[in-house]
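Following: one structure in structure tokens, then a few remarks.
Numbering (our numbering), first residue to last: 124 to 263.
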């Protein structure tokens, strides 16, 4: 095995999805995605906001569209289901804290071969008090 023949695993792909989701601005996000591409990991990000519970279908749809647009997945029900399922699972991990409140944040999606991870990083607003939550799901 050569110096650059590393095989990325589920933990590496999950780490990549989290790194994308927590990127502070669009410039850093794009740089992280480019760095990941050099390693063979495909990545995408989706900005989200609004009432979490009302926005769940739209968030899942945006994750699917971003995954297809960036080439993370191809046009297939199997891949659609993997992204939608992982996105929904990540949302459900943060839903208890965000139920009925406004959120703002980002979804990070990363894939390497059979490993796919979706991470959601949110700020939950309640007047001037903000809570921060993160959810992560993996499919292979």
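The beta carbon of each residue, even a glycine, is placed where N, CA and C say it ideally should be.
Cβ-based neighbour list, residue i, same chain, cut-off 6 Å, excluding 5 preceding and 5 following
| i | result |
| --- | --- |
| residue 143 | 155, 166, 168, 231 |
| residue 229 | 144, 168, 170, 244 |
| residue 175 | 221, 226 |
| residue 256 | 217, 220, 245 |
Sequence-distant residues of the same chain with beta carbon closer than 8 Å to residue i, five excluded per side
| i | result |
| --- | --- |
| residue 136 | 164, 233, 234, 235, 238, 239, 240, 261 |
| residue 203 | 187, 196 |
Supposed contact pair residue j and residue i - C-beta distance, whole angstroms, cut 8 Å
| i | j | result |
| --- | --- | --- |
| residue 258 | residue 217 | 4 Å |
| residue 246 | residue 253 | 5 Å |
| residue 224 | residue 208 | Their Cβ separation, rounded to whole angstroms, is 24 Å, which puts residue 224 and residue 208 out of contact at 8 Å. |
Residue i, enclosing beta strand (DSSP E) - first and last residue
| i | result |
| --- | --- |
| residue 261 | 252-262 |
Alpha-carbon spacing of residue i relative to residue j, whole angstroms
| i | j | result |
| --- | --- | --- |
| residue 134 | residue 140 | 10 Å |
| residue 194 | residue 183 | 17 Å |
| residue 181 | residue 131 | 30 Å |
| residue 205 | residue 251 | 36 Å |
Segment limits, alpha helix (DSSP H) that includes residue i
| i | result |
| --- | --- |
| residue 202 | 200-221 |
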